[in-house]
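In my numbering, the protein residues as written are 18 to 193.
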């Protein structure tokens, strides 16, 4: 009799755990994730604001002295895009149209563009671009004529991988 009751209790416990293990992030954690992602993403693009300045701008709307308007707009628009993505991730699919729409909103201000002739929010690049890496190594990015095909392939591959993700696997952590 007792072993049967223990099995019932364990089954109920498992059902309760399943219902409560996928709670949404709390507001403070989500805000930190968005600030960190905004800071690091823009830092990779060459934004010169410090982490502290980024926090002050995004939380308290305090702009650092002598900050370039384009850099401020990059951070603010990035934060707004993350709000949109986090609020709509369940209802929007990964598509070329959605990516272009996000880029159009992200880069909507002319002040964000180094060269007015390149202003093209929501459209793929039309000029080749390179970066100089450490030790002077030049890295060339995808050529403009190849971008559409490369994006279609990336979107397709990503959507295929998303089909294989099991939400229950998120709770598996090797170091718990």
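Don't be surprised by glycine CBs; every beta carbon is placed ideally from N, CA and C. Everything numeric in this text was worked out from a predicted model, so none of it was measured.
{"Query": "Span of the beta strand (DSSP E), counted from its first residue to its last, around residue 157", "Result": "155-157"}
{"Query": "Under the three-state DSSP convention, the category residue 80 falls into", "Result": "coil"}
{"Query": "Cβ contact (3+ pairs, closer than 8 Å) linking the region 58-66 and the region 91-103", "Result": "yes"}
{"Query": "Nearest to residue 163 (by Cα), restricted to the options 144, 180 and 28", "Result": "144"}
{"Query": "Residue(s) in a DSSP beta bridge with residue 15", "Result": "Since the first and last residues shown for the chain are 18 and 193, residue 15 lies out of range."}
{"Query": "Run of the alpha helix (DSSP H) containing residue 138, from where it starts to where it stops", "Result": "Careful: residue 138 lies outside any alpha helix (DSSP H) and carries neither H nor E."}
{"Query": "Coarse secondary structure for residue 124, derived from DSSP in three states", "Result": "coil"}
{"Query": "Span of the alpha helix (DSSP H) around residue 107", "Result": "Looking at the DSSP string, residue 107 is not in any alpha helix (DSSP H), and its letter there is neither H nor E."}
{"Query": "CB of residue 182 within 9 Å of CB of residue 112, strictly", "Result": "no"}
{"Query": "Cβ-Cβ separation, residue 99 to residue 55 (assumed contact under 8 Å), whole Å", "Result": "7 Å"}
{"Query": "Nearest neighbour of residue 48, chosen from 170, 96, 60 and 80 [CA to CA]", "Result": "96"}
{"Query": "Selected residue, minimal CA-CA separation from residue 122, among 106, 108, 131 and 102", "Result": "102"}
{"Query": "Sub-9 Å separation of residue 148 and residue 158 beta-carbons", "Result": "yes"}
{"Query": "Selected residue, minimal CA-CA separation from residue 88, among 152, 174, 128 and 30", "Result": "128"}
{"Query": "Residue interval of the alpha helix (DSSP H) (run including residue 176)", "Result": "161-180"}
{"Query": "Residue 100 - DSSP class collapsed to helix/strand/coil", "Result": "helix"}
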